[in-house]
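Enquirer:
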Amino acid sequence: MNENNLSSSDDDRLAMEIADDIANIKKHNPQNIAHTSHWETPPNAGTLVGNLVDDDDDVAGAPVNAGRRGDIGMKQPLAHGAAAAARAAARGGVVVAAGGLHPANQGGNAQRRRMPQGHLGAGNHLHGNGGDRGQGGDGGHNGHPGALPRAVLHLPEWASPAVNAIGRSWKMSLLVVGCVGAVGIGSALVSTGNDNDAYVTTSALSVRGSGGQSLSTSGVVVPPAEGLQLNPTLASFGDFSPLDPKQETDVPFFWDVPQSGGKYMMEILSKCAGSVLAGNMPGYDETELTTLNTGSGPYVNVDTYTPEGILRAKNLNLVPNNIADVIVSPLPYQAAGLFDLTSKGRMMMLLQNPIDRIYKLYNHATGPHCAPNTEQCLSPSLTLKEYLEGGDRQEFNWMTKTLSGKPPNFQSSELTTNDLDIAKDFIQRKCIVGMLDNVGDAMLRFKIYNGWHYPNGVCQCVEKGLFWEWPRDSSTNLEEGSHAHEAILERNGFDMELYYYAKQVSQDQLDNYFNVNNGR
23 MNENNLSSSD
33 DDRLAMEIAD
43 DIANIKKHNP
53 QNIAHTSHWE
63 TPPNAGTLVG
73 NLVDDDDDVA
83 GAPVNAGRRG
93 DIGMKQPLAH
103 GAAAAARAAA
113 RGGVVVAAGG
123 LHPANQGGNA
133 QRRRMPQGHL
143 GAGNHLHGNG
153 GDRGQGGDGG
163 HNGHPGALPR
173 AVLHLPEWAS
183 PAVNAIGRSW
193 KMSLLVVGCV
203 GAVGIGSALV
213 STGNDNDAYV
223 TTSALSVRGS
233 GGQSLSTSGV
243 VVPPAEGLQL
253 NPTLASFGDF
263 SPLDPKQETD
273 VPFFWDVPQS
283 GGKYMMEILS
293 KCAGSVLAGN
303 MPGYDETELT
313 TLNTGSGPYV
323 NVDTYTPEGI
333 LRAKNLNLVP
343 NNIADVIVSP
353 LPYQAAGLFD
363 LTSKGRMMML
373 LQNPIDRIYK
383 LYNHATGPHC
393 APNTEQCLSP
403 SLTLKEYLEG
413 GDRQEFNWMT
423 KTLSGKPPNF
433 QSSELTTNDL
443 DIAKDFIQRK
453 CIVGMLDNVG
463 DAMLRFKIYN
473 GWHYPNGVCQ
483 CVEKGLFWEW
493 PRDSSTNLEE
503 GSHAHEAILE
513 RNGFDMELYY
523 YAKQVSQDQL
533 DNYFNVNNGR
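Our numbering numbers the first residue of the sequence shown as 23 and each following residue consecutively.
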């Protein structure tokens with residue numbers, strides 16, 4: 023149908039379809055119908071604008087400009103609302119612009135634009151200069167205290183006569199149709215995960231400039247910006263792509279995220295499979311490489327957990343000598359120097375929810391098993407409250423800092439959404455992603471990708487290690503919504519968003535590679 027030749031019958035049919043949709047939503051989802059007021063009709067035809075504000079709320083609405091990638095300024099009460107709605111609506115080609123902040127805060131508007139495949143900027147902000155993605159506008163001074171969200175639905179030009187013919191109440195209902203439908207789709211997209219994943223906040227206590235900075239950690243998966251360029255050093259890590267197939271000369275590299283199961287993964291590889299590992303074997307200054315038989319299995323006499331140890335391993339030609347079956351390190355940028363374009367590193371990672379990881383780090387650092395000679399230990403008298411309120415720590419947002427190439431003492435307050443995008447792109451391009459809450463699946467992925475073949479006895483050993491001896495404390499005892507739970511979440515906003523993205527990458531790899539290639 024030519025969009026410029028709508029007949030009156032077409033108008034009537036459109037109105038009837040809208041009425042039917044509204045009736046169905048009211049019937050099945052009455053709790054989702056929002057009260058709206060303060061309607062505006064901007065000059066551009068086919069656009070509906072409305073404040074999502076209760077009629078009895080005397081609140082100033084923050085201005086919203088559709089057409090730029092930007093932020094979303096939601097906190098917990100809008101958990102799976104605007105963020106999920108914006109993403110879901112974008113996937114369908116409808117623009118939903120949602121902005122505004124918690125009444126206790128100031129500043130900020132937020133923009134959304136039509137993006138292919140739902141590639142939508144996310145995050146939010148209070149103050150500070152923003153870029154063209156993930157940060158809204160120029161810092162938040164266009165907003166008003168207590169500004170609540172708006173939504174903008176862009177309709178095609180041909181729909182303008184029908185829209186103008188519909189009364190105020192019909193316009194409100196049309197907006198509700200789009201928003202409620204988008205929320206439903208968005209909620210379905212993010213409904214998976216463990217209990218910690220269901221907890222939502224977008225608050226972060228890190229600061230940029232004179233104000234606070236927040237990120238979307240509601241479980242909405244936000245891909246990195248397009249056109250990113252990773253550090254050229256990382257070219258020595260192979261891509262997880264059919265265009266860069268694994269070669270016999272390539273070496274498996276395990277990125278050891280602290281308190282995420284790396285220790286037990288290494289023991290299984292070494293003890294069960296007899297793999298020779300290059301990892302944290304400090305105190306060896308021999309001028310030649312050799313294999314040491316330890317209680318945890320065979321290890322090369324190098325320390326790949328420190329920059330100095332990695333440099334020594336490089337000078338001793340660790341990779342060219344083909345002595346290590348798997349290289350393990352928490353330092354991917356430094357470890358990249360061990361490989362080259364003819365012997366690439368093939369990166370694996372095992373992740374868990376940052377809330378669990380930080381809580382376990384705290385318990386270990388203040389517990390009796392912390393080794394002060396090789397680890398950063400804390401006073402046993404340090405309470406969790408003191409630990410979380412003592413400012414930024416090296417382990418806060420550790421994954422984002424590490425994968426974006428920041429130095430060890432880099433502050434979370436200095437991280438940007440560009441750093442987060444780099445970390446996401448690193449994971450998407452370079453990593454086989456396994457999740458700690460499904461470690462058996464992760465181990466199988468690593469085995470399949472690296473072509474490891476275990477005889478029956480080894481398989482039994484691996485099964486015993488994974489399902490009988492593996493520690494079962496991968497989740498915390500923190501009460502969801504408690505002060506400590508929320509404080510950890512707030513101080514690790516970047517890592518939370520990165521974690522949700524990594525989970526999606528893990529699922530995509532399962533669907534598009536492991537299921538397809540292995541008939542699982």
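Backbone N, C-alpha and C define an ideal beta-carbon position, used for all residues, glycine too.
What you are looking at is a predicted structure, and each value in this text was computed from that prediction instead of being measured.
Looking only at DSSP bridge pairs, what is Y321 linked to?
Expert: Bridge partners of Y321: L299, L314.
Enquirer: Quick one: residues in its chain with C-beta nearer than 6 Å to the C-beta of F468, no 5 flanking neighbours on either side, listed in chain order?
Expert: Answer for F468: M370, listed in chain order.
Enquirer: Can you tell me the Cβ-Cβ gap for S403 and D272, rounded? I've got them flagged as a contact below 8 Å.
Expert: That pair is no contact at about 48 Å.
Enquirer: Specify, as a first and last residue, the run of the beta strand (DSSP E) that I349 falls within.
Expert: Looking at the DSSP string, the run of the beta strand (DSSP E) that includes I349 is 348-351.
Enquirer: Short check: CB of F536 to CB of L437, under 7 Å?
Expert: Going by C-beta atoms, F536 is not nearer than 7 Å to L437.
Enquirer: Compare the Cα-Cα distances from E502 to each of D378, I470, D325 and report the closest residue.
Expert: Minimum Cα distance to E502 is reached at D378.
Enquirer: Identify whether F275 lies in helix, strand or coil by the three-state DSSP scheme.
Expert: F275: strand per DSSP, three-state reduction.
Enquirer: Over what stretch of residues does the beta strand (DSSP E) that includes G367 continue unbroken?
Expert: Unbroken beta strand (DSSP E) run through G367: 367-373.
Enquirer: Under the three-state reduction of DSSP, which class applies to R155: helix, strand or coil?
Expert: Low per-residue confidence applies at R155: pLDDT is 35, beneath 50, and the placement is therefore not dependable, though the value from the model is reported in the following sentence. Of the three classes helix, strand and coil, the one that applies to R155 here is coil, per DSSP.
Enquirer: How far does the alpha helix (DSSP H) with I449 in it extend, from its first residue to its last?
Expert: Note, I449: alpha helix (DSSP H), 439-452.
Enquirer: In terms of residue numbering, what span does the alpha helix (DSSP H) encompassing Y476 cover?
Expert: It is not in any alpha helix (DSSP H) - Y476 carries neither H nor E in the DSSP assignment.
Enquirer: Tell me where the alpha helix (DSSP H) around Y409 begins and ends.
Expert: From DSSP, the alpha helix (DSSP H) with Y409 extends over 406-411.
Enquirer: So, using beta-carbon positions, are A346 and V298 closer together than 7 Å?
Expert: Against a cut-off of 7 Å, the Cβ pair of V298 and A346 comes out as a contact.
Enquirer: Between A393 and A387, what straight-line distance do the alpha-carbon atoms span, to the nearest angstrom?
Expert: The alpha-carbon atoms of A393 and A387 are separated by roughly 9 Å.
Enquirer: State the CB to CB distance for the pair F275 and I349, rounded to an integer number of angstroms; the pair is presumed to be in contact (CB under 8 Å).
Expert: The pair is a contact, with the Cβ atoms about 5 Å apart (cut-off 8 Å).
Enquirer: With distances taken from CA atoms, which of D266, Q281, R368, A506 is nearest N407?
Expert: Per the sequence shown, residue 407 should be read as Lys rather than Asn. If we check each option's Cα against that of K407, A506 comes out closest.
Enquirer: Please confirm if the region 277-284 is in contact with the region 471-482, defined as three or more CB-CB distances below 8 Å between the two stretches.
Expert: Output reads no: the region 471-482 does not touch the region 277-284.
Enquirer: Within a Cβ cutoff of 8 Å, which residues of the same chain sit near P342, ignoring the five residues on either side of it in sequence?
Expert: Closer than 8 Å at Cβ, skipping near neighbours: S365.
Enquirer: Could you tell me which residues DSSP puts in a beta bridge with V455?
Expert: Its beta-bridge partners are M371.
Enquirer: Using CA atoms only, rank isn't needed, just tell me which of E411, D441, L373, Q416 is closest to T422.
Expert: Nearest C-alpha to T422: D441.
Enquirer: If you reduce the DSSP assignment to three classes, tell me which class F361 lands in.
Expert: Three-state DSSP puts F361 in coil, outside helix and strand.
Enquirer: Alpha carbon to alpha carbon, how far is L363 from L252? Give it in angstroms, no decimals.
Expert: Distance between the alpha carbons of L252 and L363 is about 16 Å.
Enquirer: Does DSSP put F259 in a helix, in a strand, or in coil?
Expert: In the structure shown, F259 sits in a strand (DSSP, three-state: E or B).
Enquirer: Would you kindly check if the distance between the Cβ of A300 and the Cβ of T328 is under 7 Å?
Expert: Contact: no.
Enquirer: CA-CA distance, C453 and T316?
Expert: Distance between the alpha carbons of C453 and T316 is about 29 Å.
Enquirer: Where do the N-terminal and C-terminal ends of the alpha helix (DSSP H) with A335 fall, by residue?
Expert: Counting along the chain, the alpha helix (DSSP H) containing A335 begins and ends at 329-337.
Enquirer: Check for me: the alpha helix (DSSP H) holding I380 runs from which residue to which?
Expert: Start and end: 376-387.
Enquirer: Below 8 Å, can you find three or more Cβ-Cβ pairs linking the region 454-463 to the region 410-428?
Expert: Short answer: they don't touch.
Enquirer: Using the Cα positions of N302 and T313, report the straight-line distance between them to the nearest angstrom.
Expert: Those two C-alpha atoms are separated by around 13 Å.
Enquirer: Can you tell which of M465, P254, P430 has its C-alpha closest to the C-alpha of F361?
Expert: The shortest C-alpha separation from F361 is found at P254.
Enquirer: In or out: Q374 buried (at least 16 other Cβ within 10 Å) or exposed?
Expert: Buried, by the Cβ-count rule.
Enquirer: Hey, could you find the ends of the alpha helix (DSSP H) F20 is sitting in?
Expert: This structure cannot speak to residue 20, because the chain is shown only from 23 to 542.
Enquirer: Start and end of the alpha helix (DSSP H) containing A506?
Expert: That run of the alpha helix (DSSP H) goes 505-513.
Enquirer: Name the two residues that bound the continuous alpha helix (DSSP H) containing E289.
Expert: Where E289 is concerned, the enclosing alpha helix (DSSP H) stretches over 284-289.
Enquirer: Just checking my contact of Y522 with V243 at CB under 8 Å: how many whole Å lie between their CB atoms?
Expert: Their Cβ separation, rounded to whole angstroms, is 6 Å, which keeps Y522 and V243 in contact under 8 Å.
Enquirer: Under a three-way DSSP split, which group does V527 fall into?
Expert: Residue state, collapsed to three classes: helix.
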